[in-house]
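From first to last, the protein sequence lines stand for chains S and V.
The opening residue of the first sequence carries number 1184 in my numbering; numbering runs sequentially from there.
The opening residue of the second sequence carries number 994 in my numbering; numbering runs sequentially from there.
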Amino acid sequence: MVDLSKLILLTSVNTFKADNDVQTGSFVLGGSAPEMASTGMITRTFTVTLAVTADYYDIMFNGPYTTAFTYPNWAVDTNRWAAPGRGVYRIFLNATGYSNENIGFEIFTSLSGRTLTITAVSQNQFLASSATLTNATISYRIIPYSSTTQ
Amino acid sequence: MAVDLTKLQFYSGNNYLKRSSFFGQMNAVSTGYDPNQTSITHNLGYIPQFVVAADYQNNGIWWANEFCNDVRGPGGVTNGVIMISPSIDSTRFFVIASASYDGSVFAATRPVKYGIYLDS
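In structure tokens:
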């Protein structure tokens, strides 16, 4: 018997369907940053293996989202989620060893097969010395879409 | 009338990006380098998915992703980047606007279109 309570729409047109296989996890953004003369960009790369094959995906991130510059400790909201590519993702890490400066990261993602690559990039601003960035745990939530999976 | 099941391609409890009533337009207001935030209340009680597009140049061209225009630097600043940062929590959708350079020349209002889905 057809369970009509599950009937959401009627269509003969294929659509991207979000699987219920939502995948979550986290990574730590931080480490050390060299002086600008040696590296113009600070890049962190993380990979996630999707549990299912996806044609497309949506991803959101949660972490110490920076809402205001209140030097030297930035105002953050840890309840927020943001999606890369839909604007600047506001993560600023304090950098000890360099006058408590801070750097902001943008996050990008790409998918090849089942390997999803997360790249966090920041323009290096440290002119004279290297710095140690305050680690921040960034959680992610991946929603795979498929044009064939039901 | 009987349901024509031949038209039924799928039926499941999966998500299909169902629209909420929170689709609309708001303004992102940049006051310079310091971030400035505006928000709308959705009160869904969970973290929903969303889409967003911004008219970064205020010229009728909508960007569904990030946008950069040229920066000519302090001393010769005639242009700069207005950054739009959308985010969401369980009750509100936020847009933060900030500029790459401080000063009244970068105080600007940019329209932002948003859409909040019911799916989490």
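For every residue, glycine included, the Cβ atom is placed at its ideal position computed from N, Cα and C.
These figures come from a predicted structure and were not determined experimentally.
Quick one: which chain S residues come within Cβ less than 9 Å of aspartate 1027 of chain V? Ala1251, Phe1252
In chain order, what residues of the same chain lie with their CB nearer than 8 Å to the CB of methionine 1224 of chain S, ignoring the 5 residues before and after it? Val1304, Ser1305, Gln1306, Asn1307
Give the DSSP bridge partners of aspartate 1241 of chain S, in chain order. S/Ile1326
Identify which residue in V/Gly1108, V/Ala1100, V/Phe1086, V/Tyr1110 has its Cα closest to the Cα of asparagine 1051 of chain V. V/Ala1100
Helix, strand or coil: which one does DSSP assign to proline 1079 of chain V? strand
Thinking C-alpha only, which one of V/Phe1015, V/Val1045, V/Asp1048, V/Ile1089 is nearest asparagine 1029 of chain V? V/Ile1089
Does the pairing of the stretch 1076-1083 of chain V with the stretch 1036-1056 of chain V give three or more beta-carbon distances under 8 Å? yes
I need the boundaries of the beta strand (DSSP E) containing isoleucine 1040 of chain V, first residue and last residue. Note, isoleucine 1040 of chain V: premise wrong, no beta strand (DSSP E); not H, not E.
Is the Cβ of tyrosine 1239 of chain S closer than 8 Å to any Cβ of chain V? no
Can you list, in chain order, the residues of its chain whose CB lies under 7 Å from that of methionine 1019 of chain V, leaving out five sequence neighbours each side? Thr1031, Ile1033, Val1088, Val1105, Tyr1107
What separation, rounded to the nearest whole angstrom, lies between the Cα atoms of proline 1267 of chain S and glycine 1038 of chain V? 22 Å
Can leucine 1212 of chain S and isoleucine 1321 of chain S be called in contact, C-beta distance under 8 Å? yes
Could you list which residues in chain S have their beta carbon closer than 8 Å to that of aspartate 1082 of chain V, in chain order? Asp1260, Asn1262, Arg1263, Trp1264
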